[in-house]
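For reference, the structure discussed in these notes is given below.
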């Protein structure tokens, strides 16, 4: 088995887990249900949740002393009966994600946007996060910041986090051994349908076919070159659909952003991408296809 095949299988293996080494690891599967049927069920569950819950928006609008910018989502009832439901909050947005020809909807809300750059789904981010179910039960969390390679996360997580900006500042090491994090970071939460989560798999305490909620703080964003071929992973998207994870020019089962020889012609991508160093991909035969994607 080649290095590229091993790397590809390892990357796929990572996708079935949640977002950190502390994620639930117990996995089992049920008989696969009809995707469209589950999609409709998820949409109904999520819409009901959006109608009956709110987040602590007043804290973000007028931060109290020592506010840690933690998102708290609660049911609308009792003394909170006058709160604005998530469904009607002006900051609530949605993103359509197509998977295997079926379109799914992620609902997300940026409570505090960062001052830096927005990551692509192929980048690495310094984050803290918490994952909960619609019933409020926590299934995963990382309270201490961690660098997270987004292609290795579940689909819904990486597509959600790509909507929020991180910090313009950088984390700095202090003389006492601690790390000081920038304060202009982004804070968001997203509600993800099960097909963009674990779908039919039971992972830890996550039941099969469960929508997921992620609360995320994004501190820093690092643009990556996963295969060290001189092209940023986010730019290895020749079909320009915004998803560099699904481009595989030579059809070898390894996406271009992980493939050191994108067109499979025996010449490494880095050795035919921009040999004259003019900042543009080489196209020796002038056929409109860059050399690194042109096997002929």
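In mature numbering (1 follows the signal peptide of the UniProt record, and there is no 0), the protein residues as written are -18 to -1, 1 to 278.
C-beta: ideal position from N, C-alpha, C; glycine also.
Collapsed DSSP secondary structure at residue i in the structure displayed
i	result
residue 136	coil
residue 268	coil
residue 57	strand
residue 17	helix
residue 238	helix
residue 177	helix
residue 144	coil
residue 149	coil
residue 202	strand
residue 215	helix
residue 252	helix
residue 225	coil
residue 122	strand
residue 183	strand
residue 97	coil
residue 259	coil
residue 22	helix
Separation of residue j from residue i, as counted between CA atoms
i	j	result
residue 67	residue 210	46 Å
residue 18	residue 268	45 Å
residue 216	residue 137	15 Å
residue 157	residue 97	26 Å
residue 186	residue 115	12 Å
residue 230	residue 277	13 Å
residue 146	residue 105	13 Å
residue 165	residue 195	24 Å
residue 214	residue 238	11 Å
residue 258	residue 248	20 Å
Beta-carbon separation (whole angstroms), residue i vs residue j, contact threshold 8 Å
i	j	result
residue 89	residue 148	Going by Cβ atoms, the distance from residue 89 to residue 148 rounds to 21 Å, so no, they are not a contact pair.
residue 78	residue 85	5 Å
Ranges of the beta strand (DSSP E) found wholly within the segment 26 to 79, counting only runs of at least 3: List check, beta strand (DSSP E) in window: 35 to 37 and 55 to 57.
Please determine if the segment 173 to 187 and the segment 21 to 29 are in contact, where contact requires at least 3 C-beta pairs separated by less than 8 Å.
yes
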